[in-house]
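In our numbering, the protein residues as written are 3 to 309.
No residue lacks a Cβ here, since even glycine has one placed at the ideal position from N, Cα and C.
Bear in mind the structure is a predicted one, so any value in this text is a computation, not a measurement.
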Amino acid sequence: RSDPACERKGALAPMDQRTKLRCLGCSALFTLVIMILGVFSLIDKLIISPIAWKVSDLRDSKGTSQSKGQTVGNLFEHQVAQVLSTAAADAGAGSRRADNSAMSAQLNSETELVQAPPRLDAVANRFVKLERECGSPAVNGYADVNATCLENSSTARVWQELVASGELRTKELDCHQEEHVSIDGLAVAWGPHHKKDSWEECCEACKNHVPGPPHGGPFRNLPCNAWVYCPHDVCFEPDAHRHTKGDCWLKFTETPHSPEINQRGVLPPEYRRRHAKAPESCDWISGVLVPQGVPVTNGTFGPRWRW
3 RSDPACERKG ALAPMDQRTK LRCLGCSALF TLVIMILGVF SLIDKLIISP IAWKVSDLRD
63 SKGTSQSKGQ TVGNLFEHQV AQVLSTAAAD AGAGSRRADN SAMSAQLNSE TELVQAPPRL
123 DAVANRFVKL ERECGSPAVN GYADVNATCL ENSSTARVWQ ELVASGELRT KELDCHQEEH
183 VSIDGLAVAW GPHHKKDSWE ECCEACKNHV PGPPHGGPFR NLPCNAWVYC PHDVCFEPDA
243 HRHTKGDCWL KFTETPHSPE INQRGVLPPE YRRRHAKAPE SCDWISGVLV PQGVPVTNGT
303 FGPRWRW
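Below you can see the structure in the form of structure tokens.
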């Protein structure tokens with residue numbers, strides 16, 4: 003509304019400067035209010051109302067219910083996503099369908115490759131949950147190894163339970179062979195007295211190993227889940243034994259899918275400075291036995307690596 007002073011003085015007498023300023027201010031404020039209302043009306047007409055109508059149509063066609071508390075900001079975000087999706091579909095629907103078909107085929111193929119056979123799914127799940135419970139065997143030069151702890155470890159118990167039930171068939175397992183690596187573990191068959199002509203024969207011996215008599219030694223009741231083979235005339239290890247071609251060590255290690263490593267690959271200068279007879283790279287070939295579907299990691303370097 004106009005200022006009464008303006009109405010009173012506008013036609014009857016000249017206005018002083020102060021009154022003129024008041025009149026101009028009131029007119030400017032009135033004009034600004036009208037403009038703001040017009041802008042809000044335009045926004046409602048061009049943006050908010052079409053969005054509400056579009057969302058209502060989508061809800062009715064898909065049979066879904068929107069939350070009563072949904073904000074205008076969420077509606078705007080949904081509308082923008084729908085507009086972008088429609089534009090992308092119009093621009094390259096045929097190309098996208100071809101790409102999606104190829105991607106689906108690839109994903110299906112990869113899924114088929116990585117899935118374990120149904121018979122071993124439950125077995126694999128039990129193995130990936132195993133943990134090392136009896137510590138690193140090479141600590142203090144193997145002087146602190148506790149055979150009873152190892153026999154009662156979850157690795158040994160799960161292995162023997164599954165073999166006894168027929169759920170785990172060791173002869174069907176892969177060797178997971180790796181050159182230039184020496185895997186640590188407790189010997190269930192002593193290498194110098196257990197010669198084989200190839201690493202394949204050594205792996206098969208591990209698969210066929212049955213714990214208990216006639217095997218002797220403190221670890222006779224443990225299964226074989228790791229093997230180490232010497233393919234050269236002499237194979238280096240930082241111990242007092244002489245390791246020669248054909249040595250086939252059968253070993254037990256906790257968490258065979260993530261074993262402790264004695265040596266791997268090229269031996270670093272500091273290692274060779276500690277051991278003058280050490281070669282440039284590890285001499286041995288090693289592997290582990292785990293159920294199908296269990297991922298085998300690189301493991302971790304054990305205490306023997308720092309001897």
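Distance between Leu224 and Pro216 (C-alpha atoms, nearest Å): Position 214 of the sequence shown holds residue 216. Position 222 of the sequence shown holds residue 224. Their Cα atoms are separated by approximately 13 Å.
Nearest-angstrom beta carbon gap, Phe254 and Val190 [assumed within contact, 8 Å]: By one-based count along the sequence shown, residue 190 stands at place 188. By one-based count along the sequence shown, residue 254 stands at place 252. Going by Cβ atoms, the distance from Val190 to Phe254 rounds to 6 Å, so yes, they are a contact pair.
Meets three-Cβ-pair contact criterion under 8 Å: the segment 145-156 and the segment 172-180: no
Rounded Cβ spacing between Pro293 and Val125 (contact assumed at less than 8 Å): Position 291 of the sequence shown, counted from the start, is the residue given in the question as residue 293. Position 123 of the sequence shown, counted from the start, is the residue given in the question as residue 125. Going by Cβ atoms, the distance from Pro293 to Val125 rounds to 5 Å, so yes, they are a contact pair.
Presumed contact (8 Å Cβ cut-off) between Gly214 and Pro261, rounded CB distance: Taking the first residue of the sequence shown as position 1, residue 214 is located at position 212. Taking the first residue of the sequence shown as position 1, residue 261 is located at position 259. That pair is no contact at about 23 Å.
Beta-carbon proximity of Asp235 to Gly193, cut-off 8 Å: Numbered from 1 along the sequence shown, position 233 holds the residue referred to as residue 235. Numbered from 1 along the sequence shown, position 191 holds the residue referred to as residue 193. In this structure, Gly193 does not lie closer than 8 Å to Asp235 by Cβ.
Whole-angstrom distance between Asn264 and Thr302, CA atom to CA atom: Start at 1 with the first residue of the sequence shown, and residue 302 comes out as number 300. Start at 1 with the first residue of the sequence shown, and residue 264 comes out as number 262. Rounded to the nearest angstrom, the two C-alpha atoms are 9 Å apart.
Beta-carbon proximity list for Ser288, same chain, < 8 Å, skipping 5 on both sides: Position 286 of the sequence shown holds residue 288. Cβ within range, chain order: Gln179, Glu180, Val183, Ser184, Ile185, Ala228, Trp229, Val230, Tyr231.
In DSSP terms, what His245 is bridged to: Numbered from 1 along the sequence shown, position 243 holds the residue referred to as residue 245. Looking at the DSSP assignment, His245 forms a beta bridge with Cys237.
Straight-line Cα distance separating Phe32 from Ser43: Along the sequence shown, read from residue 1 onward, the residue named residue 43 stands at position 41. Along the sequence shown, read from residue 1 onward, the residue named residue 32 stands at position 30. Using only the alpha carbons, I get a separation of about 17 Å.
Proximity to Leu136 [Cα-Cα], best of Pro233, Asp146, Val165: If you number the sequence shown from 1, residue 136 lands on position 134. A small fix is needed here, since residue 136 is Cys in this sequence, not Leu. Ranking Pro233, Asp146, Val165 by Cα distance to Cys136 puts Asp146 first.
Exposure label - Asp285; buried when at least 16 CB within 10 Å: What you label residue 285 is simply residue 283 of the sequence shown in a count that begins at 1. When all chains shown are included, Asp285 counts as buried.
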